[in-house]
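A.B. asks: First, the structure itself, so that you have it in front of you.
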Amino acid sequence: MRQYRPTIDQLKKRYSADMARRKMQERRDVSRDPNATHVWTPDNSEPWLPHPVHSLKEAMWISDQITADMARWKPL
Numbered sequence: 015m016r017q018y019r020p021t022i023d024q025l026k027k028r029y030s031a032d033m034a035r036r037k038m039q040e041r042r043d044v045s046r047d048p049n050a051t052h053v054w055t056p057d058n059s060e061p062w063l064p065h066p067v068h069s070l071k072e073a074m075w076i077s078d079q080i081t082a083d084m085a086r087w088k089p090l
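In this text, residue positions in the sequence shown follow this note's numbering: the first is 15, and each later residue adds one.
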């Protein structure tokens, strides 16, 4: 198989994009407060079961719940 080698122009573009990305990241890091805590945004979904599905009966129950929700939220 022939080896892939990027052209010099592609390497220049990649290098300049990488340098621009680093410069922008440094500017963002300077403007951030280092003492600020990161706020975690929780998912807005909940698991159907507290454990992974163990049986076909559990999978069918989840499927029935999804079907009921789809019917309930179906546009008129």
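Where a beta carbon is used, it is the ideal one built from N, C-alpha and C, also for glycine.
Please report the Cβ distance between R79 and W62, rounded to the nearest whole angstrom; I am assuming they are in contact, meaning their Cβ atoms lie under 8 Å.
C.D. replies: Mapped onto the sequence shown, residue 79 falls at position 65. Mapped onto the sequence shown, residue 62 falls at position 48. First, the amino acid is wrong: residue 79 is Gln here, not Arg. Contact holds; Cβ gap of about 7 Å.
A.B. asks: Within the continuous alpha helix (DSSP H) that includes Q17, where are the two ends?
C.D. replies: The sequence position of residue 17 within the sequence shown is 3, counting from 1. No alpha helix (DSSP H) holds Q17; DSSP gives it neither H nor E.
A.B. asks: Under three-state DSSP, which class holds T81?
C.D. replies: Walking along the sequence shown from the start, residue 81 turns up at place 67. Here T81 sits in helix by DSSP.
A.B. asks: Taking the straight line between their C-alpha atoms, what separation do you get for A82 and V53?
C.D. replies: Numbered from 1 along the sequence shown, position 68 holds the residue referred to as residue 82. Numbered from 1 along the sequence shown, position 39 holds the residue referred to as residue 53. Each residue's alpha carbon lies about 34 Å from the other.
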